[in-house]
Amino acid sequence: MRERRFGRLGWPVSEVGYGMWGIAGGEGGWTGADDASGAAALDAAVDLGCTFFDTAWIYGRGRSEQLLGELLRRHPGRDLTVATKVPPKNRVWPSTRGARISDLFPDDHLWSYLRRSLDNLGVDAIDLLQFHVWEDSWATDPAWQRAVTEMRERGLIRGVGISVNRWEPWNVLKTLETGLVDAVQVIYNIFDQAPEDELFPACRELDIAVVARVPFDEGTLTGTLTRDTTWPEGDWRASYFVPENLEASVTRAERLAEVVPAGMTMPELALRFILQEPTVSTVIPGMRSVRHVQANLATGTAEPLPAELMSELRRHRWDRVPTEWSQ
Numbered sequence: 001m002r003e004r005r006f007g008r009l010g011w012p013v014s015e016v017g018y019g020m021w022g023i024a025g026g027e028g029g030w031t032g033a034d035d036a037s038g039a040a041a042l043d044a045a046v047d048l049g050c051t052f053f054d055t056a057w058i059y060g061r062g063r064s065e066q067l068l069g070e071l072l073r074r075h076p077g078r079d080l081t082v083a084t085k086v087p088p089k090n091r092v093w094p095s096t097r098g099a100r101i102s103d104l105f106p107d108d109h110l111w112s113y114l115r116r117s118l119d120n121l122g123v124d125a126i127d128l129l130q131f132h133v134w135e136d137s138w139a140t141d142p143a144w145q146r147a148v149t150e151m152r153e154r155g156l157i158r159g160v161g162i163s164v165n166r167w168e169p170w171n172v173l174k175t176l177e178t179g180l181v182d183a184v185q186v187i188y189n190i191f192d193q194a195p196e197d198e199l200f201p202a203c204r205e206l207d208i209a210v211v212a213r214v215p216f217d218e219g220t221l222t223g224t225l226t227r228d229t230t231w232p233e234g235d236w237r238a239s240y241f242v243p244e245n246l247e248a249s250v251t252r253a254e255r256l257a258e259v260v261p262a263g264m265t266m267p268e269l270a271l272r273f274i275l276q277e278p279t280v281s282t283v284i285p286g287m288r289s290v291r292h293v294q295a296n297l298a299t300g301t302a303e304p305l306p307a308e309l310m311s312e313l314r315r316h317r318w319d320r321v322p323t324e325w326s327q
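Going letter by letter, the sequence shown gives residues 1 to 327 in full-length UniProt numbering.
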């Protein structure tokens, strides 16, 4: 597994990290998750060289964090990087224009969830604490700036990150200029190439790490969705893949399937496209089985894609705007 430098924090992290939403069952998690399979997948990832693990309190209402804490205790000699997120107080994703940071991330809320995450993870300090929604209009608000500065000075966190709202890579640019943000987590994949326009140049200039999330477009870029795909009640994908989105997504995936090279899967192509971008510090696919871990982490040793293929993939860019179902 190759490693990349995590922005100005300087940490060496695996090119392919681990997104831990999917392995968390229960409220706020995915249907079909079970702890034993999740633990086996996490252990396999560590054995294959994965060192970056991204979770959040909302993933299973703390269960994903607890699974990560158990992993840390099973591998005490490994240098694993832990990233988690504070949920907005109103538990609504994404944030909206006009929302006030004093309502979504008041001081007591930030500290309360920091303590919860520390307890769930069983650690004294969190490597990267991220805001789980963000509005760039909050950039100059002094309250969050004081809170994260104090957390860092007290040794409770080592870095600050922002998870950018879906399809809004521009909605953090002013905040990056404060000098308080060390990492940005953003949707970036074959369809969602917009971060290359403004966000990635800003991150390069300011030496801010980039965590690429949703590499498979919530499942579209696995090539397994059909127009008849359904999800169990309670699975958030049922509300995301409304008919208009499912139809458009499957149509796009069918077009992409025509250019997937022989001997390569669509998920492999999706990950290798992302890793072609040097601004990306790590990509975090969700993985719920050892088989998926083995397949996805293998891309961390793959060769670059041919220039002709990259040019073709550029033509599959799909610019979208948030809507009532996009979350």
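Idealized CB from N, CA, C, for every residue including glycine. Note that this is a predicted model, so its numbers are computed, not measured.
Alpha-carbon spacing of residue i relative to residue j, whole angstroms
i      : j      : result
Thr81  : Val123 : 12 Å
Phe191 : Ser163 : 19 Å
Pro261 : Ala270 : 12 Å
Lys85  : Arg61  : 12 Å
Glu247 : Asp228 : 9 Å
Val290 : Leu71  : 15 Å
Glu303 : Ala202 : 27 Å
Asp136 : Glu65  : 27 Å
Tyr18  : Phe52  : 6 Å
Trp138 : Thr96  : 12 Å
Asp107 : Thr149 : 12 Å
His75  : Arg315 : 43 Å
Asp207 : Thr279 : 9 Å
Ala253 : Pro306 : 20 Å
Leu114 : Asp35  : 24 Å
Met266 : Val293 : 15 Å
Met20  : Gly286 : 6 Å
Ile23  : Gly223 : 21 Å
Leu104 : Asp141 : 13 Å
Leu313 : Ser249 : 16 Å
Glu258 : Leu309 : 12 Å
Leu68  : Ala83  : 10 Å
Thr55  : Gly77  : 21 Å
Val92  : Arg166 : 13 Å
Ala209 : Pro195 : 13 Å
Phe6   : Arg255 : 34 Å
Gly155 : Gly234 : 38 Å
Thr282 : Arg4   : 7 Å
Ser239 : Thr230 : 10 Å
Ile126 : Pro94  : 24 Å
Coarse secondary structure for residue i, derived from DSSP in three states
i           : result
Thr55       : coil
Val242      : coil
Arg227      : coil
Gly19       : strand
Val280      : coil
Ser95       : coil
Gln193      : coil
Thr81       : strand
Phe105      : coil
Val260      : coil
Phe216      : coil
residue 334 : Given a span of 1 to 327 for the chain in the structure shown, any question on residue 334 remains unanswerable.
Gly179      : coil
Pro12       : strand
Arg4        : strand
Ile208      : coil
Gly38       : helix
Gly69       : helix
Contacting residues, own chain, Cβ-Cβ under 8 Å from residue i (five flanking each side not counted)
i      : result
Gly198 : Per the sequence presented here, residue 198 reads as Glu, with Gly not at that position. Cβ within range, chain order: Pro169, Trp170, Leu173.
Asn189 : Ala212, Val214, Pro215, Phe216, Asp217, Leu221, Ala270, Phe273, Ile274
His109 : Val86, Lys89
Thr175 : Trp134, Asp136, Trp138, Ala139, Ile162, Val181
Ala145 : Inspection of the sequence shows that residue 145 is occupied by Gln rather than by Ala. Same-chain partners within the cutoff: Thr178, Leu180.
Gln276 : Pro304, Leu305, Met310
Phe200 : Val210, Glu277, Thr279
Close beta carbons around residue i, own chain, < 6 Å, minus the five adjacent residues each side
i      : result
Gln193 : Arg317
Gly219 : Leu225
Met1   : Ser14, Gly49, Gly300
Leu9   : Gly159, Asp182
Val186 : Val164, Pro169, Pro195
Chain-order list of residues whose beta-carbon lies under 7 Å from that of residue i (same chain, five-residue window excluded)
i      : result
Arg116 : Trp57, Gly62
Proximity test, Cβ basis, 9 Å: residue i and chain D
i      : result
Pro285 : The chain labelled as chain D is not found in the depicted structure, where only one protein chain is given.
*Within the chosen definition, does the region 43-53 reach the region 88-106 through at least 3 CB pairs nearer than 8 Å?*
As far as the Cβ criterion goes, the region 43-53 does not touch the region 88-106, which means the pair count is below three.
*If you scan the region 121-176 from start to end, which runs of the alpha helix (DSSP H) of 4 or more residues do you find wholly inside it?*
Segments of the alpha helix (DSSP H) lying fully in the region 121-176: 142-153, 173-176.
*Touch check for the region 158-166 and the region 130-138: three-plus C-beta pairs under 8 Å?*
yes
*Does the region 289-306 come within contact of the region 319-326, defined as at least 3 CB pairs closer than 8 Å?*
no
_Any contact between the region 179-188 and the region 233-247? By contact I mean 3 or more CB pairs, one from each, below 8 Å._
Not touching, per the Cβ criterion.
_Below 8 Å, how does it come out for the region 3-13 and the region 34-43: are there three or more Cβ pairs, yes or no?_
no
*Please list the segments of the beta strand (DSSP E) lying wholly inside the region 298-322, counting only runs of 3 or more residues, in order along the chain.*
none
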